[in-house]
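Those sequence lines, one after another, are chains A and B.
Under this note's numbering, the letters of the first sequence match residues 1 to 109, in that order.
Under this note's numbering, the letters of the second sequence match residues 110 to 225, in that order.
We put the CB at the ideal spot given by N, CA and C, even for glycine.
Report on the structure given below.
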Amino acid sequence: QKEVEQNSGPLSVPEGAIASLNCTYSDRVSQSFFWYRQYSGKSPELIMSICSNGDKEDGRFTAQLNKASQYVSLLIRDSQPSDSATYLCAVNRNNDMRFGAGTRLTVKP
Amino acid sequence: GAVVSQHPSRVICKSGTSVKIECRSLDFQATTMFWYRQFPKKSLMLMATSNEGSKATYEQGVEKDKFLINHASLTLSTLTVTSAHPEDSSFYICSARDYRGAGELFFGEGSRLTVL
Chain A
1 QKEVEQNSGP LSVPEGAIAS LNCTYSDRVS QSFFWYRQYS GKSPELIMSI CSNGDKEDGR
61 FTAQLNKASQ YVSLLIRDSQ PSDSATYLCA VNRNNDMRFG AGTRLTVKP
Chain B
110 GAVVSQHPSR VICKSGTSVK IECRSLDFQA TTMFWYRQFP KKSLMLMATS NEGSKATYEQ
170 GVEKDKFLIN HASLTLSTLT VTSAHPEDSS FYICSARDYR GAGELFFGEG SRLTVL
């Protein structure tokens with residue numbers, strides 16, 4: 001079992017829809033969780049972090065964490081073509097950060 | 110967020126030469142930096158952890174003598190690809206952790222290496 005698992009996609013949504021990206025992790029004592037966005041040919045950029053169970057909102061993005069289910073998700077509201085990218089889930093435990101392979105999102109105009 | 114700068118962004122070199130890539134944390138001190146490698150449409154692969162003032166920690170399968178890492182100051186780590194060959198052509202990305210917040214990793218812009 002991979003430490004951090006993501007559906008590789010591609011996930012395709014129409015412009016204006018909600019994109020839902022999911023991530024599961026195997027280490028129960030993971031402490032903090034991050035979502036990164038990576039455009040083709042570019043390096044990852046941090047979207048948001050979440051450490052506590054529940055939802056955390058930042059603009060059009062909402063991160064959701066459920067530690068009991070070892071599950072973290074990212075919702076993108078009002079998806080735009082510019083959101084088309086690969087989204088990486090990262091899980092941190094004792095300063096050891098592990099990345100998922102990423103989910104490729106395409107937002108169609 | 111924190112700023113990590115990487116240089117050069119692109120480099121083309123002949124087979125057999127060595128290439129040095131620099132990674133700087135511009136607005137915070139980083140005792141630890143990380144070096145990744147990424148092939149097209151593949152996931153990030155951690156190569157090594159760079160520790161200020163001590164030896165780097167390499168991931169399994171990464172050649173220490175091939176990929177030399179130096180972390181001489183709290184804001185600078187360098188990766189030298191020695192005697193580069195075409196199979197070393199890849200996208201190399203550094204990152205540093207900013208402990209002022211939630212311990213997020215911030216990435217440099219990446220360096221695309223092409224070995225002819």
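Among the options, which one has its Cα closest to the Cα of residue i?
i	options	result
residue 219/B	146/B, 195/B, 140/B and 141/B	146/B
residue 115/B	225/B, 187/B and 212/B	187/B
residue 215/B	46/A, 79/A, 78/A and 38/A	46/A
residue 120/B	195/B, 207/B and 210/B	195/B
residue 159/B	199/B, 177/B and 148/B	177/B
residue 59/A	70/A, 69/A, 51/A and 74/A	74/A
residue 9/A	135/B, 163/B and 150/B	150/B
Going along chain A in order, which residues have a C-beta closer than 9 Å to the C-beta of residue i?
i	result
residue 202/B	43 and 44
Whose Cβ in chain B lies nearer than 7 Å to the Cβ of residue i?
i	result
residue 99/A	152 and 153
residue 23/A	Here the premise fails: no neighbours, minimum Cβ distance about 13 Å.
Please say whether residue j and residue i have beta carbons closer to each other than 8 Å?
i	j	result
residue 171/B	residue 128/B	no
residue 111/B	residue 137/B	yes
residue 86/A	residue 103/A	yes
residue 11/A	residue 44/A	no
Given a threshold of 16 other Cβ atoms within 10 Å of its Cβ, counted over all protein chains shown, does residue i qualify as buried or as exposed?
i	result
residue 33/A	buried
residue 213/B	buried
residue 207/B	buried
residue 197/B	buried
residue 79/A	buried
Please report the straight-line C-alpha distance between residue i and residue j, rounded to a whole angstrom.
i	j	result
residue 113/B	residue 139/B	10 Å
residue 30/A	residue 54/A	15 Å
residue 51/A	residue 76/A	19 Å
residue 70/A	residue 38/A	23 Å
residue 19/A	residue 96/A	28 Å
residue 26/A	residue 100/A	11 Å
Starting from residue i, find everything on chain A with Cβ-Cβ shorter than 8 Å and list it in chain order.
i	result
residue 215/B	46
residue 110/B	46
Since residue i meets chain B, which of its residues come closer than 8 Å, beta carbon to beta carbon?
i	result
residue 26/A	Those within 8 Å of residue 26/A in chain B number zero; the least Cβ separation is about 16 Å.
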